[in-house]
Amino acid sequence: PCQRWYKEGCISPSQEAKIFSLALKKRDIYFELEHSDGEKHVDIAIPSHKLHIEIDGFHHSNDSEQALIDLRRTAHSFSEGIFTIRIPNVLVNEELDFTADTIVDVLRNLDKWSKKQKEQKHLLDLLEKVFTKNQSIET
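Going by this note's numbering, the letters in the sequence shown line up with residues 12 to 150, in that order.
If you want it as structure tokens, here you go:
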């Protein structure tokens, strides 16, 4: 059955995307399956961390045309501030728990990185205020 967020028709997630999404759910990760950003669909999106996860079949790494399409999509998402992680089917099928745990670690590191970015921005804002204040005193 189609899920309600589809606007352009029904797209069914792959078996591996379903399996991986259940592993994320088991780890209390909020995600959107078959997320559309208006331009493309991604297998799994984690909006809170601006992360897209693509579960890739064999043809993604053995077909140069498909690999270039994937690279362009990843670059486009990155230019929009969204990270993309590509996970081959073999990891879902043979190393599911390790792969899902690795994504949890990635999310934790993105949280740390985001916090550091906010702290650095706050320091830069303070320095700018001090610099602006000192300039107005000198003139």
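Where a beta carbon is used, it is the ideal one built from N, C-alpha and C, also for glycine. Here the structure is a predicted model, which is why all the values come from computation and not from measurement.
If you pair each beta-carbon of the segment 88-108 with each one of the segment 132-140, do three or more pairs fall below 8 Å?
-> No, they do not touch.
Looking at the unbroken alpha helix (DSSP H) that takes in I30, where does it start and where does it end?
-> Q26 to K37
By Cβ distance, which residues of its chain are closer than 6 Å to L6, with the 5 residues on each side in sequence left out?
-> For residue 6 there is no data in the structure shown, the boundaries of the chain being 12 and 150.
Is the beta carbon of E45 less than 7 Å from the beta carbon of P24?
-> yes
Quick one: is A86 buried, meaning 16 or more other Cβ sit within 10 Å of its Cβ, or exposed?
-> exposed
Where the beta strand (DSSP E) containing F89 begins and where it ends | Element bounds for F89: not the beta strand (DSSP E) but the alpha helix (DSSP H), S75 to S90.
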